[in-house]
Structure formats: C-alpha cells, structure tokens
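Protein sequences appear in the order of chains H and V. Offset between the first sequence (1-based) and our numbering: plus 2. Just so we're aligned: 78 in our numbering is position 79 of the second sequence, and the numbers increase by one with no gaps anywhere. Note that the Cβ used here is the ideal one computed from N, Cα and C, for glycine as well.
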Amino acid sequence: MSAARQLRAVPTLFRVGFAEAVAYRGEFFIWILSTNMPLVMLVLFREVAREAPVAGFDEKGFGAYFLATLIVRLMTGSWAVWEMNADIRSGGIAMHLLRPLHPFVHYATDNLAALPIRALLAFPIALLAFAWVGGGHVATDAAHWCIGLFAIFGAWALTFAAMLAVGSLGLFWESSLSLYDLWLGLFFIFSGYLMPLSLFPGWLLGATWWMPFRYTLAFPVETMLGLESLDQSLRSLAAQWAWVASLLALALLLWRRGVARYSVFGG
Amino acid sequence: MISVRNLAKHYLVHRRPPGLLAAMRSVVARRYEKVVAVDGLSFEIAAGERVGFLGPNGAGKTTTLKMLSGLLHPTSGEATVAGFTPRHRAPEFLRSIMLVTGQKQQLLWDLPPAETFELNRAIYDVPKAQYEETRAELVELLGIGDLVRQPTRTLSLGERMKCELAAALLHRPRVLFLDEPTIGLDVTMQSAMRGFIRSYNERFGATVVLTSHYMDDVAALCPRVIVIDRGRLTYDGSLDALVRELSPDKRLTLRFARAVARGDVEALGGRVVTCDDDGAVLQIAAHSTRSVVERALSSLPVEDLKIEDAPLEEVIADLFARNAKTDTR
C-alpha cells in the first residue's frame, strides 16, 4: 500500500480506535487513575518544602511540577508494547501481516485515538492546577507553550517508538517485556517522574541530558513551567526528536528483521 | 492462479528430555532437530477452482496455506499466487488474497462487526460504491443484517464466523485461503457456510483453497482434492476418483421387518460391517451389487435398503493408514 493509500486509511483508523477506547472506557479510566504517583509525590514534596524551598521549588512550585507531570503522563501514555506482545504470543500478528497497512500505523492510531478521552481527565486537572498555583509557576509566553505542545507530542512519540522497538524484540525473544520493565525502572528515576531532575547531583543531572528519559517527561514539564530558557527548550526539542527518529529507525529495523525471522521459524 | 514448485518448509525445533538436569543442560547446550513440515510440494491451481487440502494433523496443510499467503517463507522451492511471490507480501498481493482461519479472528471484540467492515474498507482502500455493493451482497448471502450492529462479543460462534467471512471478503479477494472455516460450528451452520463459500466462488470467480477436518466440507465444496501427508503430496485429483480408487466397494444398508440371524446375512456374500435386530450393513464388491440385493430381497424380510459408497472419512482414514504403513517399511 502506498503512503498515500495508508494516509487515506488514517481517519477511519482514528474513528474506529476512538470507538474502541469508548468501548473500553471502564478499564481505560481505571488505567488513567492508576497514574497517581505524581499526586503522591506532590504531597510528599510539599511537606519537604514547607520550611524552605528545595532546589528552587517552594510548596506551590512542587505542586505545579507534579500536576504538570500528571498531565504530561496522562497525555503521553501508550500501551503498544503490551499490545504487540499479546499479538505475537497469540498469533494475532498474522492478521496484521495479512493487511496492506504497516502495523505501526495501526498501533499508533489506536493509541492516539484515545487522546480525547485522556484529555477529558487531563484538562480539568490542568485548569484546577492553574487556578491553584497561579501565574507565577507556569510559563507565561506563547513560545514556551508552543514548544511545550510539540514537546508533549514528542514525549508520546518517544515513548511509543521505544515501545515499538521493545515490542518488535518479541519476534525474537519471548522475554522482551522484561526489557520494557527495565526501561520503566530507568524512566521512573531519570525522567523526573518521582522528583524534579534538578534535585539530582550535578554529575547525574548532566548524565540525564544524554538519556532518552528526560525527553519523555521532564522536558515538556519544565518547558510548560518556564523552568528552561527558550534556547534550552529548543535544544531539548531537537534532542527529543533525534531520539524519536533513532528509536523509530531501530523499531523499523527490528520489526523488519523480526518478521523475516518469524516467517522463517513459523508463527 | 496458483503455481507451486518443489515447495518445502523445514523448522528447527528445540528438543530436550524432561527433568531438572536436562533443563539445566539446555541452558548452555541446546539440541535442535530439523522437522520437515512440507517436503517438495508441486501443483497448479487454475483461477476459479475450489480445491481441498486433505491430510492428517501435522501433515503440512496449514503450513502450506501460510506459505501461499505470505506468512511463512519457504525453505526452498517456488510459489506464485495471482502472479505474485507470496513471501514478498507486496501490498497488491495482500489486496488480492485473504486467509481465513476458524481459530483466529480479526473482528474487533467489543465493537459491532460493522466497525471492522469500515476498518477493512479503509485499510484495503475499497471505493465507497464497491464497498456498499459488496457489503450488501455479503450481508444478504450470509443473512447477517441484524448482527452487524451488535457487539462481536455478544454473537454466537457461528454468527461470529459469518461476520468474520464478510469482513474478510469485503475487498473481494481473488484467492481465498480457508483453514478449518467450519471448526466448532453446528451442522446447520456448517452447511450455511459451505453454501456461502460456494456462492462467493461462483459469483466472483474467486479461487478457493480449503483445509478442513470435516469431510463434508471437502465433499460439498471441492471437486478437486490434494492429499498431503507428512509434507508430501500423495494424491491430486477428483474426490470421486479418489474414493473409487481407494474403495471400489459399495455399502449396502438393510433394514429388517424382524430380527435376522447373522449367519443369514453372511450368506448374502460380502463383508458384514454391522448386524443387529433392526438391520445390517454389508460391504460388497461393486460388480456384485445387483446379485446381493436380489438375494437379500428374496431370502430376508427386507423392509428398506440403501446402496452407497463407503463413508469418505473411512476412505481417507484408510488412505492415511496406508501411507503411514508405506513410510514405516
């Protein structure tokens, strides 16, 4: 199927994906609500900052940080790696291979189609957060917000591409999900999910710039809160999309090799 | 439409004996064995033919279908389907074929089948007018008008299978591979599915290749059968000719007005398959049918009788048993 033909299919893929997300609304809301770690960390760090600011964050600063973290996490979550793994294990992957549409397009639209439902939860939180922390703790210029929106999409794309790469490994290796567990472990530490990265010692903070994890969370959060200069945000955006491109290329390579192997060894 | 030359598929399978020691040994030194799933198949199938693959479990039927649909790469040999090499899985090839299996489904579980139909319309880029026309025809042929708007999870197995077939055929594939399409269905539904597959083949001139463990599927649908056993082709021709070749005898079923001694039945000639108070079944040579029937009518209290070929299941089972015996010699 040519790229143009695949593109023509995308609106219907989105529509059906949205219908699926609505059909699974119960499970979906539970899944969304399970993303509650930022709220726990918010309570903890507000206590820590009660006496005096920590690494530049006062009580409301931590509040803004973790509410932004929650919003970014809600908007950028993906489940492609588990979906791919289930498809490979069950043989359902054959259905994808028989269709003239790259399965990555299908997984992507399936994940993105759930965005409106996620937004239903994320936007009220964003409004409440803004009302609570006030203007002093969020970026006030359009440029930061513009980069922030691209950064949120980039964060989703990076997470999704990493999932595609690990998911494709399932065609070679039965325990590929354990690799994603490792990714998640590193994500929790180095993405800024559990604490702002500025709380890290200097050498470790420096190291996070070379890892993909900060671009999946801390970068869009810090940009929306105006914690990064415009120049720095633009450099981060470039680094983020370089990671997206690299991981997507890796995923495509692994998928291609994996499908060839699957076809040789049987499904 | 389908051309297959010396097609073969070998797998390497990890084997180890049971036990902890063997498990630990397999961590460092794995032993692999070559399994020959398909072993040099060659055949041609013309456009519009309906062909049945017959064979015992593990004979290589499904592996062959998977190679012809591009899911598996052959170890050696060549295959072309609708002018394409399946393993390249060219988009146009994928738009020309469909593989339907009775055990795997593409319908979206929590949505009505109509949503999967729409999805397939988009994926296969079927023009709107053609889609509407094909969909209306399939819905009518399969009698699923009321079902397509009901969530798939609420449909019975037979209803799901009908919707599955409709979803698979919306892009009007020229070649249809069916792997056990009636598995698990009741007799009425099996018959309905057979009727539909035949109609689709006749209406659209599609080539149909089918595997099934139900001989009735094969007998009703496939004028030609290809028997595959241990990956090798052991017969290619008409089903009738196969039955005549393997089992030229006839089955004579007699129903008696009163109980008859077994000895009186044996005296008619032929082999007594079953005999009880209500009747008997005899296997007799085709050329002696007339004389045996005359003897039965004159000497026994026959109320009703039936003459037919030996049951297909028995003939095929006999063929597989013969092949197995030949292989072990």
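- If you draw a straight line from the alpha carbon of H/Leu232 to that of H/Leu254, how long is it in whole angstroms? Here residue 232 of chain H refers to the residue found at position 230 when the first sequence is read from its first residue. Here residue 254 of chain H refers to the residue found at position 252 when the first sequence is read from its first residue. Cα to Cα, the separation comes out at about 33 angstroms.
- Item | Under 9 angstroms by beta carbon: chain V residues contacting H/Thr14 | Against the first sequence, residue 14 of chain H aligns to sequence position 12. Those are Glu117, Leu118, Arg120, Ala121, Ile122, listed as they occur along chain V.
- Item | Coarse secondary structure for V/Asn119, derived from DSSP in three states | The count along the second sequence starts at 1 and reaches residue 119 of chain V at position 120. It is helical.
- So which residues of chain V does H/Arg10 contact, with C-beta pairs closer than 9 angstroms? Within the first sequence, the letter at position 8 stands for residue 10 of chain H. The contacting residues are Ala121, Asp124.
- Query: chain V beta carbons: is any one of them nearer than 8 angstroms to that of H/Glu85?
  - Reply: To locate residue 85 of chain H, count along the first sequence from 1; it is residue 83. No - not a single Cβ of chain V is within 8 angstroms of the one on H/Glu85.
- Item | Whole-angstrom distance between V/Gly183 and H/Asp89, CA atom to CA atom | Taking the first sequence and counting its residues from 1, one reaches residue 89 of chain H at position 87. Taking the second sequence and counting its residues from 1, one reaches residue 183 of chain V at position 184. When rounded, the distance between both Cα atoms is 23 angstroms.
- Item | For H/Ser36, the first and last residue of its enclosing beta strand (DSSP E) | In the first sequence, counting from the first residue as 1, residue 36 of chain H sits at position 34. Taken as a continuous stretch (DSSP letters only), H/Ser36 belongs to no beta strand (DSSP E), as it is neither H nor E.
- Item | Beta-carbon gap between H/Ser238 and H/Phe221 smaller than 8 angstroms | By one-based count along the first sequence, residue 238 of chain H stands at place 236. By one-based count along the first sequence, residue 221 of chain H stands at place 219. Yes, Cβ-Cβ distance for H/Ser238 and H/Phe221 is below 8 angstroms.
- Task: Tell whether a beta-carbon distance below 8 angstroms holds between H/Gly156 and H/Tyr195.
- Result: Here residue 156 of chain H refers to the residue found at position 154 of the first sequence. Here residue 195 of chain H refers to the residue found at position 193 of the first sequence. Going by C-beta atoms, H/Gly156 is not nearer than 8 angstroms to H/Tyr195.
- Can you check whether the CB of V/Asn119 is closer than 8 angstroms to the CB of V/Leu169? Residue mapping note: residue 169 of chain V aligns to position 170 of the second sequence, counting from 1. Residue mapping note: residue 119 of chain V aligns to position 120 of the second sequence, counting from 1. It is a contact, given that the beta carbons lie within the stated cut-off.
- Work out the CA separation of H/Ile154 and H/Ala240 for me, nearest whole Å. Within the first sequence, numbered from 1, the residue matching residue 240 of chain H stands at position 238. Within the first sequence, numbered from 1, the residue matching residue 154 of chain H stands at position 152. Going by the C-alpha atoms only, they are around 13 angstroms apart.
- Given V/Thr115 as reference, the closest of V/Leu146, V/Glu139, V/Leu93 once Cα atoms are compared: Taking the first residue of the second sequence as position 1, residue 115 of chain V is located at position 116. Nearest C-alpha to V/Thr115: V/Leu146.
- Query: How would you label V/Pro310, buried or exposed, when you count the other beta carbons within 10 angstroms and need 16 or more for buried?
  - Reply: Here residue 310 of chain V refers to the residue found at position 311 when the second sequence is read from its first residue. So V/Pro310 ends up on the exposed side.
- Rounded C-alpha distance that separates H/Val42 from H/Ala124: Your numbering for residue 42 of chain H matches position 40 in the first sequence. Your numbering for residue 124 of chain H matches position 122 in the first sequence. C-alpha separation (whole angstroms): 17 angstroms.
- Query: Is V/Ser2 helix, strand or coil when you go by DSSP?
  - Reply: Residue 2 of chain V sits at position 3 when you count from the first residue of the second sequence. Strand at V/Ser2.
- Item | Separation of V/Phe195 from V/Val207, as counted between CA atoms | Walking along the second sequence from the start, residue 207 of chain V turns up at place 208. Walking along the second sequence from the start, residue 195 of chain V turns up at place 196. Roughly 12 angstroms separates the two Cα atoms.
- Query: Taking the beta strand (DSSP E) that V/Gly236 falls in, what are its first and last residues?
  - Reply: By 1-based counting over the second sequence, the position of residue 236 of chain V is 237. First-last of the beta strand (DSSP E) with V/Gly236: 231-237.
- Item | Cβ separation of V/Asp109 and V/Arg231, assumed to be a contact under 8 angstroms, to the nearest whole Å | Numbered from its first residue, the second sequence carries residue 109 of chain V at position 110. Numbered from its first residue, the second sequence carries residue 231 of chain V at position 232. The Cβ separation is near 44 angstroms, so there is no contact.
- Amino acids of chain H, ordered along the chain, whose beta-carbon sits closer than 8 angstroms to that of V/Gln105: Numbered from its first residue, the second sequence carries residue 105 of chain V at position 106. What V/Gln105 touches in chain H: Met97.
- Query: CB-CB under 6 angstroms to H/Pro198, same chain, minus the five flanking residues each way: which ones, in chain order?
  - Reply: Position 196 of the first sequence, counting from 1, holds the residue named residue 198 of chain H. Excluding positions up to five away in sequence, the list reads Tyr67.
- alpha helix (DSSP H) segment containing V/Cys162, residue limits: For the purposes of this step, residue 162 of chain V is taken as residue 163 along the second sequence, with counting starting at 1. Here the alpha helix (DSSP H) through V/Cys162 covers 156-168.
- With H/Glu224 as the anchor, note down where its beta strand (DSSP E) starts and where it stops. Translated into positions along the first sequence, residue 224 of chain H becomes position 222. From DSSP, H/Glu224 is part of no beta strand (DSSP E) but of the alpha helix (DSSP H) over 220-226.
- Message: Determine whether the beta carbon atoms of V/Leu299 and V/Asp248 lie at a separation below 8 angstroms.
- Response: Walking along the second sequence from the start, residue 299 of chain V turns up at place 300. Walking along the second sequence from the start, residue 248 of chain V turns up at place 249. No.
- Have a look at V/Ser75 and V/Arg4 and give me their C-alpha separation to the nearest angstrom. For the purposes of this step, residue 75 of chain V is taken as the residue at position 76 of the second sequence. For the purposes of this step, residue 4 of chain V is taken as the residue at position 5 of the second sequence. Distance between the alpha carbons of V/Ser75 and V/Arg4 is about 9 angstroms.
- Task: Write down every uninterrupted run of the beta strand (DSSP E) in the region 87-135 of chain H whose length is 3 residues or greater and which is fully enclosed by it, in chain order.
- Result: none
- Using a C-beta cutoff of 8 angstroms, does V/Arg243 count as contacting chain H? Reading the second sequence from its first residue, position 244 is the one you call residue 243 of chain V. So no, V/Arg243 is outside the interface.
- Taking only the alpha-carbon atoms, compute the straight-line gap between V/Val80 and H/Trp211 and give it to the nearest angstrom. Looking up residue 80 of chain V in the second sequence gives position 81. Looking up residue 211 of chain H in the first sequence gives position 209. Roughly 52 angstroms between the two C-alpha positions.
- Go through its chain and collect everything with a Cβ distance to V/Pro85's Cβ below 7 angstroms, but skip five positions before and after it. Stepping through the second sequence from its first residue, residue 85 of chain V is reached at position 86. For V/Pro85, where only same-chain residues beyond five positions count, the Cβ hits under 7 angstroms are Met66, Leu67, Ser68, Gly69, Ala78, Phe92.
- Item | Sub-8 angstroms separation of H/Gly65 and H/Thr37 beta-carbons | As a working mapping, residue 65 of chain H is identified with position 63 in the first sequence. As a working mapping, residue 37 of chain H is identified with position 35 in the first sequence. In this structure, H/Thr37 does not lie closer than 8 angstroms to H/Gly65 by Cβ.
- chain V within 8 angstroms of H/Arg7, Cβ atoms only: By 1-based counting over the first sequence, the position of residue 7 of chain H is 5. It does: the Cβ of H/Arg7 has a partner Cβ on chain V nearer than 8 angstroms.
- Message: Suppose you measure from the CA of H/Ala25 to the CA of V/Val314; what does that come to, to the nearest Å?
- Response: In the first sequence, residue 25 of chain H corresponds to position 23, counting from 1. In the second sequence, residue 314 of chain V corresponds to position 315, counting from 1. The straight-line gap from Cα to Cα measures roughly 50 angstroms.
- Exposed or buried, H/Arg101, counting other C-beta atoms within 10 Å across all chains shown (16 or more means buried)? Walking along the first sequence from the start, residue 101 of chain H turns up at place 99. Classification of H/Arg101: buried, given that the 10 Å Cβ count is 16 or more.
- Item | CB contact check: H/Tyr26 to chain V, cutoff 8 angstroms | The sequence position of residue 26 of chain H within the first sequence is 24, counting from 1. Yes, because at least one Cβ of chain V sits closer than 8 angstroms to the Cβ of H/Tyr26.
- Task: Go through its chain and collect everything with a Cβ distance to V/Ala7's Cβ below 7 angstroms, but skip five positions before and after it.
- Result: For the purposes of this step, residue 7 of chain V is taken as residue 8 along the second sequence, with counting starting at 1. Only Val37, Asp38, Gly39, Pro73, Thr74, Ser75, Gly76 meet the Cβ criterion.
- Which runs of the alpha helix (DSSP H) fall wholly inside the region 230-296 of chain V and span at least 4 residues, in chain order? 238-245, 261-265
- Query: Is it right to say V/Tyr31 is buried, meaning 16 or more other beta carbons lie within 10 angstroms of its own, or is it exposed?
  - Reply: The residue labelled residue 31 of chain V in the question sits at position 32 within the second sequence. Under this definition V/Tyr31 is an exposed residue.
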